[in-house]
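**Student:**
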Amino acid sequence: MSKKLFLLPLLFLLIFSCQKDTFTLSQIVNQLDRIRAQNDSLYNEVRSLQRRVDSLNSRVTSSNQALTLMMGKIDSINNRLMQVSNRVTELSAQLAGVNANTTQILEELNKLKAEHSLIISLLNDLIRQSANFYNGLIAYYPFSGNANEVIRGGVGNGVVSFASLDTGFSGKQNESYRFSGMSDAVIKTGRVIRDVSNTFTYVFKVNATDTLNIIPFEGLWNDAFRQLQLLAPVHGENFGNPSENAGVGVSLGQNGLVVEDHSHLYRSVLLSYRGKIEGWNYIVVVIDNKVPKLYINGSLIKSGISPSRTLWPSCGRDNTFDHSNSGIGLGNSNGTNTNGVRRFKGLIDEFMIYNRALAESEIKLFFSRL
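Structure below.
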């Protein structure tokens, strides 16, 4: 029997047996019907989101914390909808009673409407997160107990040398890697990324424990300043003519950050920032049509300069080149310890590369969900 056919005899029963206010009872019945319909609609929205997450899960392993968290939130929304559905059933039963308290039932209906508004807000937020977080994500290292790369078909698992698991951004054990600053401490990543250039984004959580010799300007520079590279810039030779291409790296300490590009007999500073970066911080470096932008904890800090060369993300290595040994925490692009180079010292929790420029609104949203 349909919901409306079921409600009609219920309505007549209330009118003639209880002699209640016909308009009020009709109003309540209609509102209950609308809440049922909206609940069904929300169930469909949740099922659609669940299918999207299941699709993501086919490409991302279960170690992905963000995906696990999202699935937990979907379960929470489903539980809320179930509670609303159960309460509607209870109110229908109360309405059929001889001494139905219509005033109280109307108050309960208003509470259910407010709950639906909250559910809609939570659902829309999750839909935005699922759409934005994975859009263009081509490399993701959560560092949850290992250095595995969790995007299937991504750049490959990391190989850890002289870095140890430690407490992460969230305070949980084995959720980050500690780099002691010794010359061979590095997480060597998978393949060199050759299908993304000039526009991409680095995202990482970091806790530096040493200071950096800040290069005080943007432009060409020499190797004397090369140190504390959180991400070594891969050599431009990997991408063709070294005079036309360069890899982008990041050096970071408690007192600032430098974005640099590198190729044969060439290094330049694309962005130089002097300021406190102490304790755990959420760092985003966006390369947008060659222009670097630095975000710290969701806020835009500084924009840099645009070089003439084509810029490439630094991740991975190619054994056919001597200068392709880029990695996370590595202090020199070819793995040697020359020119007084010091390796990065501190902790890194999560590292991501996107094949697009993250928008400021997305960066703020991601930071607010940490």
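Numbering-wise (my numbering), the sequence shown opens with residue 262 and increments by one. All C-beta atoms in this analysis are idealised placements derived from N, C-alpha and C, irrespective of residue type, glycine included.
(1) Have a look at threonine 364 and arginine 295 and give me their C-alpha separation to the nearest angstrom.
(2) Whole angstroms is fine: what's the gap from histidine 496's alpha carbon to glutamine 434's?
(3) How long is the line joining the alpha carbons of isoleucine 624 and valine 511, rounded to whole angstroms?
(4) Please state whether DSSP places alanine 218 in a helix, a strand or coil.
(5) Can you tell me which of Met343, Tyr543, Gln515 and Val457 puts its alpha carbon nearest to the alpha carbon of tyrosine 556?
(6) Report back the beta-carbon spacing between glutamate 621 and threonine 571 to the nearest angstrom; my notes put them in contact at under 8 Å.
(7) Measuring only the C-alpha atoms, how far is valine 457 from isoleucine 448?
(8) Between the C-alpha atoms of serine 564 and serine 533, what's the straight-line distance to the nearest angstrom?
(9) When DSSP builds the beta bridges, which residues end up paired with serine 382?
(10) Of the residues Cys576, Leu367 and Pro477, which one's Cα is nearest the Cα of tyrosine 615?
(11) Is the number of C-beta pairs between the segment 342-355 and the segment 300-310 that are closer than 8 Å three or more?
(12) Which residue's Cα is closest to the Cα of glutamate 368: Leu492, Leu352 and Gly514?
(13) Measure the alpha-carbon distance for tyrosine 401 versus isoleucine 589 and round it to whole angstroms.
(14) Taking only the alpha-carbon atoms, compute the straight-line gap between proline 403 and threonine 350 and give it to the nearest angstrom.
(15) Identify, in the order they occur along the chain, each residue of the same chain with its Cβ nearer than 7 Å to the Cβ of phenylalanine 628, setting aside the five sequence neighbours on each side.
(16) Could you have a look at tyrosine 304 and say whether DSSP puts it in helix, strand or coil?
(17) I need the boundaries of the beta strand (DSSP E) containing glutamine 490, first residue and last residue.
(18) Opposite glycine 607 in the DSSP bridges: which residues?
(19) State yes or no: is the C-beta of threonine 450 within less than 8 Å of the C-beta of valine 546?
(20) Answer with buried or exposed for alanine 424, where buried requires no fewer than 16 other C-beta atoms within 10 angstroms of its C-beta.
(21) Look at leucine 489 and lysine 606 and say whether their C-beta atoms are less than 8 Å apart.
(22) With 16 other CB atoms within 10 Å as the buried threshold, where does glycine 432 fall?
(23) Could you round the C-beta distance between glycine 442 and arginine 604 to whole angstroms and report it? I think they count as a contact, below 8 Å.
(24) What are the boundary residues of the beta strand (DSSP E) that includes asparagine 506?
(25) At a Cβ threshold of 8 Å, is leucine 491 touching chain C?
(26) Taking the CB atoms as reference points, tell me whether aspartate 427 and leucine 608 lie closer together than 8 Å.
(27) Whose C-beta lies closer than 7 Å to the C-beta of aspartate 610 among residues of the same chain, with five residues either side of it excluded?
(28) Does DSSP put threonine 364 in a helix, a strand or coil?
(29) Run through the DSSP bridge pairs and tell me what threonine 428 is partnered with.
(30) Using 10 angstroms around the beta-carbon of glutamate 498, count the other beta-carbons present and answer buried if the total reaches 16, otherwise exposed.
(31) For glutamine 292 versus leucine 383, is the C-beta spacing smaller than 8 Å?
(32) Quick one: what does DSSP say aspartate 336 is sitting in, helix, strand or coil?
(33) So, for glycine 540: in the same chain, excluding its five sequence neighbours on each side, which residues have a beta-carbon less than 7 Å away from its beta-carbon?
(34) Who are the near neighbours of valine 552 in its chain, counting only those whose CB is closer than 8 Å to its CB and skipping five residues on each side?
(35) Is DSSP giving phenylalanine 627 helix, strand or coil here?
(36) With burial defined as no fewer than 16 other Cβ atoms inside 10 Å of the residue's Cβ, what is the status of proline 574: buried or exposed?
**Tutor:** Well, looking at it:
(1) Straight through space, the alpha carbons of arginine 295 and threonine 364 are spaced by roughly 18 Å.
(2) 35 Å
(3) Within the model, the alpha-carbon separation for isoleucine 624 versus valine 511 is close to 18 Å.
(4) Summary: the structure shown does not reach residue 218, with the chain confined to residues 262 through 631, and so no result is reported for it.
(5) Tyr543
(6) Not a contact, Cβ separation roughly 25 Å.
(7) 21 Å
(8) 9 Å
(9) Looking at the DSSP assignment, serine 382 forms no beta bridge with any residue, so it has no partner.
(10) Cys576
(11) yes
(12) Ranking Leu492, Leu352 and Gly514 by Cα distance to glutamate 368 puts Leu352 first.
(13) 12 Å
(14) Going by the C-alpha atoms only, they are around 44 Å apart.
(15) Cβ neighbours of phenylalanine 628 beyond the five flanking positions: Tyr543, Asn558 and Gly559.
(16) If DSSP states are grouped into helix, strand and coil, tyrosine 304 belongs with the helices.
(17) 490-492 is the span of the beta strand (DSSP E), which, as asked, contains glutamine 490.
(18) Phe440 and Ala469.
(19) For threonine 450 and valine 546, no; Cβs fall outside 8 Å.
(20) buried
(21) yes
(22) exposed
(23) The Cβ separation is near 5 Å, so the contact holds.
(24) 506-514
(25) Among the chains in the structure shown there is no chain C, since it carries only a single protein chain.
(26) yes
(27) Phe404, Gly429, Phe430, Glu436, Ser437 and Lys466
(28) helix
(29) Beta-bridge pairing links threonine 428 to no other residue.
(30) buried
(31) Contact annotation: glutamine 292 and leucine 383 have beta-carbon atoms that are not nearer than 8 Å.
(32) In the three-state DSSP reduction, aspartate 336 falls in the helix class (H, G or I).
(33) Result list for glycine 540: Asn468, in chain order.
(34) Ser564, Gly565, Ile566 and Ser567.
(35) helix
(36) buried
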